[in-house]
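Take a look at the structure below.
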Amino acid sequence: MLRARWWKILSIILLVYTCTYGFLVKVPKLDDRLQESIRNFFFHVPMWFGMMILLFVSLVYAIKYLRAANPVHDTYSMAYASTGLLFGFLGIVTGAFWANYQWGSPWVGDPKQNGAAIALLIYFAYFVLRGSLIDTEKRARLSAVYNIFSFFMLFPTLWILPRLTESLHPGGQGSDGNPGLNGKDMSANMRTVFYPAVIGWTLLGVWISTLHIRVQLLKLKKEGLL
Amino acid sequence: MFQLLQAKAVDNSGIMVQQGKIYLVMTIVTIILVGLFIYVASVDKKITALENNAKD
Chain X
6 MLRARWWKIL SIILLVYTCT YGFLVKVPKL DDRLQESIRN FFFHVPMWFG
56 MMILLFVSLV YAIKYLRAAN PVHDTYSMAY ASTGLLFGFL GIVTGAFWAN
106 YQWGSPWVGD PKQNGAAIAL LIYFAYFVLR GSLIDTEKRA RLSAVYNIFS
156 FFMLFPTLWI LPRLTESLHP GGQGSDGNPG LNGKDMSANM RTVFYPAVIG
206 WTLLGVWIST LHIRVQLLKL KKEGLL
Chain P
1302 MFQLLQAKAV DNSGIMVQQG KIYLVMTIVT IILVGLFIYV ASVDKKITAL
1352 ENNAKD
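In the order they appear, the protein sequences are chains X and P.
Residue numbers for the first sequence follow the numbering used here, so the first one is 6 and each next one is one higher.
Residue numbers for the second sequence follow the numbering used here, so the first one is 1302 and each next one is one higher.
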């Protein structure tokens, strides 16, 4: 799986498709507020989808580590968490840039923005924790436990609290549904780009994670820990 | 000089300057994407070589 090729090629195809057809596809013109910037949906939103998927994979490997104490699982968990965090960081930066032109300021204190920032900070602490422990077994065990905690902090920060208050994002109080993925709100045209974009960006994240993992496994082998 | 070049570019009626020059943006994004993919694929290749070395 780590070295298989088909899904890497799939990722290339999907992202080339996203970055070409994403600019050409007809988007609805509702009023003059969003204009063409709704195309950011193919780039900004998949960062968050990708982040959630990658962090979920990281969680799965953290649990696996706690069950078997296999350092390979710790390696997987760390790699997926770091790529997930990268995606979240890109999501927050692209969001701030978009917000600057859409809402008038890069940071307007929107509940989704604040929640995402808190969630990312909680994950930053995961790497602080890792960096502060020298003993590999202790580091793997503690960070696996903390990883589970930080994943579950995504529930209030990203999935619950922002939907209980008014928000500039879609999906706040008074507008039903999922902030990112509201099938009924997105035009059929846009969906033909959006879903491939989510899969493509996520696969790219998985690809980068596997590179991390392979280097780390080589290191472990060299040190005789595997 | 630059003004001349710019005037020339505006005169051009090729595909890159149609539709508000969106094709130009599309091309640039695609170039960056392809560049990134080439980079990631080359790192992938190097790691594969290391792994093959480690096996021997």
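We put the CB at the ideal spot given by N, CA and C, even for glycine.
8 angstroms contact criterion, which residue i and residue j should meet: CB distance rounded
i	j	result
PHE47 (chain X)	THR25 (chain X)	Their Cβ separation, rounded to whole angstroms, is 11 angstroms, which puts PHE47 (chain X) and THR25 (chain X) out of contact at 8 angstroms.
VAL1335 (chain P)	PHE28 (chain X)	Going by Cβ atoms, the distance from VAL1335 (chain P) to PHE28 (chain X) rounds to 15 angstroms, so no, they are not a contact pair.
SER63 (chain X)	ASP115 (chain X)	Not confirmed; about 26 angstroms, so no contact.
GLY76 (chain X)	ALA145 (chain X)	The residue you asked about is not Gly; residue 76 (chain X) is Pro in the sequence shown. About 6 angstroms separates the two Cβ atoms, so the contact holds.
LEU208 (chain X)	LEU15 (chain X)	6 angstroms
ALA288 (chain X)	GLN221 (chain X)	No statement about residue 288 (chain X) is possible, as the shown extent of chain X runs from 6 to 231 and does not include it.
Euclidean distance between Cα positions of residue i and residue j
i	j	result
SER155 (chain X)	ILE17 (chain X)	31 angstroms
VAL211 (chain X)	GLY55 (chain X)	9 angstroms
SER66 (chain X)	HIS78 (chain X)	It should be noted that the sequence gives Tyr, not Ser, for residue 66 (chain X). Those two C-alpha atoms are separated by around 5 angstroms.
TYR1324 (chain P)	ALA1342 (chain P)	26 angstroms
ARG135 (chain X)	LEU223 (chain X)	19 angstroms
SER82 (chain X)	LYS226 (chain X)	18 angstroms
SER214 (chain X)	LEU7 (chain X)	10 angstroms
GLU41 (chain X)	GLY89 (chain X)	28 angstroms
ILE153 (chain X)	GLY205 (chain X)	26 angstroms
VAL203 (chain X)	PRO51 (chain X)	5 angstroms
TRP112 (chain X)	VAL1344 (chain P)	36 angstroms
THR80 (chain X)	ILE218 (chain X)	6 angstroms
SER242 (chain X)	PHE129 (chain X)	There is simply no residue 242 (chain X) to check, as chain X begins at 6 and stops at 231 in what is shown.
LEU95 (chain X)	ASN105 (chain X)	15 angstroms
THR164 (chain X)	ALA1350 (chain P)	Checking the sequence, you will find Trp at residue 164 (chain X) rather than Thr. Cα-Cα distance, rounded: 42 angstroms.
GLN1304 (chain P)	GLY100 (chain X)	35 angstroms
ILE127 (chain X)	THR162 (chain X)	10 angstroms
ALA149 (chain X)	SER87 (chain X)	13 angstroms
LEU19 (chain X)	LEU91 (chain X)	20 angstroms
ALA1355 (chain P)	VAL1330 (chain P)	37 angstroms
ARG44 (chain X)	LEU35 (chain X)	13 angstroms
GLN178 (chain X)	LEU169 (chain X)	5 angstroms
GLU1352 (chain P)	LYS143 (chain X)	27 angstroms
TRP103 (chain X)	PHE160 (chain X)	25 angstroms
ALA122 (chain X)	MET1317 (chain P)	39 angstroms
Exercise for the section: Give, in chain order, every residue of the stretch 1334-1348 of chain P whose Cβ lies closer than 9 angstroms to some Cβ of chain X. Expected result: Flagged, chain order: LEU1334, VAL1335, LEU1337, PHE1338, VAL1341, ALA1342, VAL1344, ASP1345, ILE1348.
Handout entry: Selection of the stretch 199-221 of chain X by Cβ proximity to chain P, strictly under 7 angstroms
Key = Result list: TRP212, ILE213, LEU216, ARG219, VAL220.
Problem - Continuous alpha helix (DSSP H) assignments of at least 4 residues falling wholly in the stretch 10-52 of chain X - result: Counting only runs of at least 4 residues, the stretch 10-52 of chain X fully encloses the following alpha helix (DSSP H) elements, listed from N- to C-terminal order: 11-29.
Handout entry: Entirely enclosed beta strand (DSSP E) segments - the stretch 61-125 of chain X, minimum 3 residues
Key = Runs of the beta strand (DSSP E) spanning 3 or more residues and lying entirely within the stretch 61-125 of chain X do not occur at all.
Problem - Inside the stretch 1304-1353 of chain P only - beta strand (DSSP E) runs reaching at least 3 residues - result: If you keep only unbroken beta strand (DSSP E) runs of at least 3 residues inside the stretch 1304-1353 of chain P, you get nothing at all.
Problem - Residues from the stretch 1316-1327 of chain P in contact with chain X, defined by Cβ distance under 7 angstroms - result: So the list reads ILE1323, VAL1326, MET1327, given in the order they occur along the chain.
Exercise for the section: Let me know the alpha helix (DSSP H) ranges lying completely inside the stretch 151-175 of chain X, each 4 residues or longer, listed in chain order. Expected result: Taking only runs of at least 4 residues, the alpha helix (DSSP H) segments lying wholly in the stretch 151-175 of chain X are 166-169.
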